[in-house]
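A.B. asks: Chains as they are written, first to last, in my numbering: chain A, 1317 to 1429; chain B, 72 to 186.
We put the CB at the ideal spot given by N, CA and C, even for glycine.
None of the values given here were measured: they were computed from a predicted structure.
This is the structure I want to talk about, given as structure tokens.
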């Protein structure tokens, strides 16, 4: 069936280094992708999104890359900080607020001092 | 910015009792609300989608008679876990959406523990 998944379940990064979190999706018809950050005991927090007609989008310290050829999505966090420690989920949706958002399995990012 | 609240934030109940969880959109009208369940160290799994004034649409494998969803107003949706059992212990999260992509937010979640 269609799914959104992740390559790495955990990622440990030195503080100040860049983090790259990867995600694979299987539904070639997906047209909207979102990255969420979830801290322990809290709801998911929107980080950045990208439509399928784009291959890169940048935010503050974060960049999302989309490779439709290999159905791959990545989240890059520049100069990782202790506050970036969380679980990160990629998600797939239609381009409508009424569309379902389907989550991938998540990657836990831990920061080494 | 827009805020979605959930109440209670956590609840402990005895097996066999029913628990109601509220989801409110505080500064926008949510025409659609979604309910998710998240078990420890797992992803969020969509349970159901509800549109204001309509019956909820449940995902495959989710018992509609066990998880009652009401979306009676544009700012409030409720999820009632009926005859709760320990396996229903989970983190329940709602998402509220209006007609705009800029107005879709997740609630802070409700931790349910069934003894």
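1. Could you name the residues of the segment 1355-1377 of chain A whose beta carbon sits closer than 9 Å to any beta carbon of chain B, in the order they occur along the chain?
2. Tell me which same chain residues have a C-beta within less than 6 Å of the C-beta of residue 1419 of chain A, skipping the five on either side of it?
3. In the DSSP assignment, find the beta strand (DSSP E) that holds residue 1328 of chain A and state where it starts and stops.
4. For residue 1333 of chain A, which three-state DSSP category applies?
5. Quick one: residues in its chain with C-beta nearer than 8 Å to the C-beta of residue 136 of chain B, no 5 flanking neighbours on either side, listed in chain order?
6. So residue 75 of chain B and residue 95 of chain B are supposed to be a Cβ contact under 8 Å. How far apart are they, rounded?
7. Pull up the distance between the alpha-carbon of residue 168 of chain B and that of residue 142 of chain B, whole angstroms please.
8. Output, in sequence order along the chain, the residues in the segment 86-116 of chain B whose CB is closer than 9 Å to any CB in chain A.
9. In whole angstroms, what is the alpha-carbon distance linking residue 144 of chain B and residue 102 of chain B?
10. Quick check: is the beta carbon of residue 1395 of chain A nearer than 7 Å to any beta carbon in chain B?
11. Can you check DSSP and say which residues form a bridge with residue 1376 of chain A?
12. I want to verify the contact list: residues of chain B whose CB lies under 8 Å from the CB of residue 1416 of chain A, in sequence order.
13. Using a Cβ-Cβ cutoff of less than 6 Å, which residues in the same chain neighbour residue 87 of chain B once the five nearest sequence positions on both sides are dropped?
14. Does residue 1410 of chain A have its Cβ less than 7 Å from a Cβ in chain B?
15. CA-CA distance, residue 118 of chain B and residue 132 of chain B?
16. Does the Cβ of residue 100 of chain B lie closer than 6 Å to at least one heavy atom of the ligand GDP?
17. Does chain B have any CB closer than 7 Å to the CB of residue 1346 of chain A?
18. What does the alpha-carbon distance come out to for the pair residue 91 of chain B and residue 180 of chain B?
19. Excluding the five sequence neighbours on either side, which residues of its own chain have a C-beta within less than 6 Å of the C-beta of residue 1424 of chain A, listed in chain order?
C.D. replies: Let me lay it out:
1. 1357, 1358, 1359, 1360, 1361, 1362, 1365
2. Indexing the first chain from 1 puts residue 1419 of chain A at position 103. If we look at residue 1419 of chain A and ignore the five residues flanking it on each side, its Cβ neighbours are 1405, 1407.
3. If you number the first chain from 1, residue 1328 of chain A lands on position 12. Counting along the chain, the beta strand (DSSP E) containing residue 1328 of chain A begins and ends at 1326-1330.
4. Here residue 1333 of chain A refers to the residue found at position 17 when the first chain is read from its first residue. Correct three-state label for residue 1333 of chain A: coil.
5. Within the second chain, residue 136 of chain B is the residue found at index 65, counting from 1. Cβ neighbours of residue 136 of chain B beyond the five flanking positions: 153.
6. Your numbering for residue 75 of chain B matches position 4 in the second chain. Your numbering for residue 95 of chain B matches position 24 in the second chain. Correct: roughly 7 Å between the Cβ atoms.
7. One-based indexing of the second chain puts residue 168 of chain B at position 97. One-based indexing of the second chain puts residue 142 of chain B at position 71. Using only the alpha carbons, I get a separation of about 13 Å.
8. 102, 103, 105, 107, 109, 112, 113, 114, 115, 116
9. If you number the second chain from 1, residue 144 of chain B lands on position 73. If you number the second chain from 1, residue 102 of chain B lands on position 31. Approximately 9 Å, taken between the alpha carbons.
10. As a first step, residue 1395 of chain A must be located in the first chain, where it is residue number 79. No, residue 1395 of chain A does not count as interfacial toward chain B.
11. The residue labelled residue 1376 of chain A in the question sits at position 60 within the first chain. Paired residues: none, contrary to the question.
12. For the purposes of this step, residue 1416 of chain A is identified with residue 100 of the first chain, where counting begins at 1. Under the 8 Å cutoff, chain B gives 105, 117, 120.
13. In the second chain, counting from the first residue as 1, residue 87 of chain B sits at position 16. Answer for residue 87 of chain B: 154, listed in chain order.
14. For the purposes of this step, residue 1410 of chain A is identified with residue 94 of the first chain, where counting begins at 1. False, the Cβ-Cβ gap to chain B never drops below 7 Å.
15. The residue labelled residue 118 of chain B in the question sits at position 47 within the second chain. The residue labelled residue 132 of chain B in the question sits at position 61 within the second chain. Cα-Cα distance, rounded: 9 Å.
16. Looking for the ligand GDP in the displayed structure turns up nothing, as the structure carries no ligands at all.
17. As a position in the first chain, residue 1346 of chain A is number 30, starting the count at 1. No - not a single Cβ of chain B is within 7 Å of the one on residue 1346 of chain A.
18. Position 20 of the second chain holds residue 91 of chain B. Position 109 of the second chain holds residue 180 of chain B. Their backbone Cα atoms lie some 13 Å apart in a straight line.
19. For the purposes of this step, residue 1424 of chain A is identified with residue 108 of the first chain, where counting begins at 1. These residues qualify, in order along the chain: 1326, 1403.
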